[in-house]
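The numbering of the sequence shown is this note's numbering, which starts it at 775 and goes up by one.
Note that beta-carbon positions come from the ideal geometry of N, C-alpha and C, so glycine has one too.
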Amino acid sequence: MCAEIRPIAHRTEVVIVRHVTEAWRSSNSGRIAALALAHARLVDHGREGAPADLAALRAPDTWLVYPEGPPRRVAPAPPPARLVFLDATWSQAKRMRQRLPALRGLPILSLPIDEVPAARLRTSPGQGRVSTIEAIAAALRLVEGDAPAAELERLFAIMIERARASGRR
Numbered sequence: 775m776c777a778e779i780r781p782i783a784h785r786t787e788v789v790i791v792r793h794v795t796e797a798w799r800s801s802n803s804g805r806i807a808a809l810a811l812a813h814a815r816l817v818d819h820g821r822e823g824a825p826a827d828l829a830a831l832r833a834p835d836t837w838l839v840y841p842e843g844p845p846r847r848v849a850p851a852p853p854p855a856r857l858v859f860l861d862a863t864w865s866q867a868k869r870m871r872q873r874l875p876a877l878r879g880l881p882i883l884s885l886p887i888d889e890v891p892a893a894r895l896r897t898s899p900g901q902g903r904v905s906t907i908e909a910i911a912a913a914l915r916l917v918e919g920d921a922p923a924a925e926l927e928r929l930f931a932i933m934i935e936r937a938r939a940s941g942r943r
């Protein structure tokens, strides 16, 4: 995958809080997004003896992207300076949302995901639930436009194709 990654220019800082169990999964799309995005930071959560550095989440204009509340079809004004994404299974993400004090009080950006594409690396547990890279693409499309989103979607399509070629369903 690394040879396919081209740097993606964007304005909004992206913080990906990755559950420790995601670090070694071949289906982890947050890692690919972090490698491609010019202003992205990957923070591991749950590693024993190494607390996650989440101080940056307290900065002004930081929004948590999470499927809670009504979806926004128009970008917040002013646009967020920083978007936070939870990179985990859905049950882990729900627990992280509840248990990480740094996430409490952040405004929620719920995305208007009307349909989940059929091609998946993992089964979607329901409406509006997509992979980390898809959520980042949708959020950047909402706040910045199509260019960064299209490149992330290209990378995700390659991930799916390579998984299928290797025999993964």
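Worksheet entry | CA nearest to the CA of D835, picked from I882, I934 and A862 | I882
Worksheet entry | Nearest-angstrom beta carbon gap, L929 and I779 [assumed within contact, 8 Å] | 7 Å
Item to complete: Please classify V848: is it buried, with 16 or more other beta-carbons within 10 angstroms of its beta-carbon, or exposed?
Response: exposed
Practice prompt. Check whether the Cβ atoms of L885 and A909 lie closer than 9 Å to each other.
Written response: yes
Practice prompt. Please report how far the alpha carbon of V817 lies from the alpha carbon of A939, in whole angstroms.
Written response: 30 Å
Discussion item. What would DSSP say about V789, mapped onto helix, strand or coil?
Written reply: strand
Item to complete: Just mark E842 as buried or exposed, buried being the case when its beta carbon has 16 or more other beta carbons within 10 Å.
Response: exposed
Worksheet item: Under the rule that 16 or more other beta-carbon atoms within 10 Å means buried, what is G804, buried or exposed?
Response: buried
Worksheet item: Of the choices P922, S801, A931 and A937, whose alpha-carbon is the least far from that of V788?
Response: P922
Worksheet item: What are the start and end residues of the alpha helix (DSSP H) that includes L809?
Response: G804 to A810
Practice prompt. Have a look at L838, R869 and F859 and flag the residue whose alpha-carbon is nearest the alpha-carbon of L880.
Written response: L838
Worksheet item: With distances taken between CB atoms, is the gap from L828 to L860 smaller than 9 Å?
Response: no
Worksheet item: Start and end of the beta strand (DSSP E) containing D920?
Response: No beta strand (DSSP E) contains D920, which is instead part of the alpha helix (DSSP H) from D920 to A939.
Worksheet item: Taking just the CA atoms, how far does T786 sit from R832?
Response: 16 Å
Worksheet entry | Pair within 9 Å by beta-carbon distance, A851 and A812 | no
Worksheet entry | Those residues which DSSP pairs with R873 across a bridge | Looking at the DSSP assignment, R873 forms no beta bridge with any residue, so it has no partner.
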